[in-house]
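Here the sequence shown is numbered in my numbering, starting from 342 and rising by one per residue.
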Amino acid sequence: QVQLVESGGGLVQAGGSLRLSCAASGRTFSSYWGGWFRQAPGKEREFVASISGSGGATNYGDSVKGRFTISRDNARNTAALQMNLLQPADTAVYYCAARWPNNKYDYWGQGTQVTVSS
342 QVQLVESGGG
352 LVQAGGSLRL
362 SCAASGRTFS
372 SYWGGWFRQA
382 PGKEREFVAS
392 ISGSGGATNY
402 GDSVKGRFTI
412 SRDNARNTAA
422 LQMNLLQPAD
432 TAVYYCAARW
442 PNNKYDYWGQ
452 GTQVTVSS
């Protein structure tokens, strides 16, 4: 089992930045891929970014490439999502997730709200 808790959401103006954090507890977090997803009202959940257990491989959704950066610190059992050049379309609840390699995402945080004003 892995427990995940997000923090760092809030209200920011368009063009601004926010940094989300995800604190993991339970089994060895470094064994799991970490991911960030988001869901806006009335929309389906969207993949944002993922990172391998070692941190050596990352993937991004097309809508955030070049603006968001995912990272992790396995010594502290944390992952982060640095979000720059935020746009109103980035407004959503952001979720941290974890999965065993080649599995689906089984572990989810409770989510943190990000609101970008125009």
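Even for Gly, the Cβ is constructed at its ideal location relative to N, Cα and C.
- L352 is classed as exposed because its beta carbon has fewer than 16 other beta carbons within 10 Å across all chains shown.
- Under DSSP, A364 takes part in a beta bridge, and its partners are V346 and T419.
- CA-CA distance, S395 to A355, rounds to 33 Å.
- Distance between S371 and P429, taken at the CA atoms: about 33 Å.
- When the five nearest sequence neighbours on each side are left out, no beta carbon in the same chain lies closer than 7 Å to the beta carbon of N444.
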